[in-house]
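Take a look at the structure below.
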Amino acid sequence: MDTETSAQSSAVRQFSIFLINRAGALLSVVRLLEDAHVMVLGLSLQDSVDVTVARLVVSDPETVETLFMERGIPFGCCDVLVVQLKDGAPGLSQCLTAFLQAETNIHFSYPLLVHPGGLSALVLHLEDLEFGAAVMQNHGFRLLRQGDLSR
Numbered sequence: 162m163d164t165e166t167s168a169q170s171s172a173v174r175q176f177s178i179f180l181i182n183r184a185g186a187l188l189s190v191v192r193l194l195e196d197a198h199v200m201v202l203g204l205s206l207q208d209s210v211d212v213t214v215a216r217l218v219v220s221d222p223e224t225v226e227t228l229f230m231e232r233g234i235p236f237g238c239c240d241v242l243v244v245q246l247k248d249g250a251p252g253l254s255q256c257l258t259a260f261l262q263a264e265t266n267i268h269f270s271y272p273l274l275v276h277p278g279g280l281s282a283l284v285l286h287l288e289d290l291e292f293g294a295a296v297m298q299n300h301g302f303r304l305l306r307q308g309d310l311s312r
């Protein structure tokens with residue numbers, strides 16, 4: 162399998178939305194998704210003075226995209242890799258070492274809220290997703306696909 166096909170099949174879609182900094186803003190989005198039978202599987206928040214950027218990995222990206230469009234909720238999407246860490250959390254240093262050796266930059270990362278297969282998993286946004294997927298596969302890491310997360 163070529164690297165591009167591998168990276169595309171391994172990519173998971175992440176949504177980014179702006180939340181006003183007020184109590185309950187995140188809860189209202191989570192409840193909206195739950196009402197549509199969508200689970201938040203990964204979550205990262207980046208706070209600023211007026212707004213918070215919420216990054217979400219969800220169980221059903223197509224439903225979320227439709228829901229956000231219907232509700233007029235501005236959002237952005239990008240592809241991320243989800244890497245299952247060898248030996249759970251202790252595998253973090255192995256994962257980071259592989260990226261260091263390959264001289265590839267991690268733009269941001271956060272853990273999943275769920276643990277597929279009982280192991281920790283890490284969401285990664287990289288400067289080169291295709292190359293990052295190849296690095297992880299060459300070092301024996303399992304890349305989780307959207308289908309692995311949506312079960």
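Each residue of the sequence shown is one higher than the one before, starting from 162 at the first, in my numbering. Backbone N, C-alpha and C define an ideal beta-carbon position, used for all residues, glycine too.
Asked: Considering only C-alpha positions, which residue in the set Leu305, Leu187, Gly308, Asp211 is nearest to leucine 204?; Found: Leu187
Asked: Tell me whether cysteine 238 is buried or exposed, calling it buried when 16 or more other Cβ atoms sit within 10 Å of its Cβ.; Found: exposed
Asked: Within 8 Å, do at least three Cβ pairs link the segment 290-297 to the segment 218-225?; Found: no
Asked: Does the contact criterion of 3 or more C-beta pairs under 8 Å hold for the segment 191-203 versus the segment 257-275?; Found: yes
Asked: Alpha carbon to alpha carbon, how far is leucine 304 from glutamine 298? Give it in angstroms, no decimals.; Found: 7 Å
Asked: Please give the ranges of any alpha helix (DSSP H) in the segment 198-264, keeping only runs that are unbroken, at least 4 residues long and fully inside the region.; Found: 222-232, 253-262
Asked: Excluding the 5 residues flanking valine 243 on each side, which residues of the same chain have their C-beta closer than 6 Å to its C-beta?; Found: Val173, Ala282, Val284, Leu305
Asked: Could you compute how far the alpha carbon of glutamate 165 sits from the alpha carbon of arginine 183?; Found: Note that glutamate 165 has pLDDT 45, beneath the 50 cutoff, so the model's placement of it is unreliable and no number is given.
Asked: Pull the bridge partners of proline 272 from the DSSP assignment, please.; Found: Leu283
Asked: Report the option in Thr213, Val219, Ile181, Val214 whose CA atom is closest to the CA atom of glutamate 195.; Found: Val219
Asked: If contacts are defined as beta-carbon pairs under 8 Å, then leucine 180 and valine 190 qualify, I think. What distance do you get, rounded to the angstrom?; Found: 7 Å
Asked: Of the choices Asp248, Gln307, Val296, Asp240, whose alpha-carbon is the least far from that of glutamine 262?; Found: Val296
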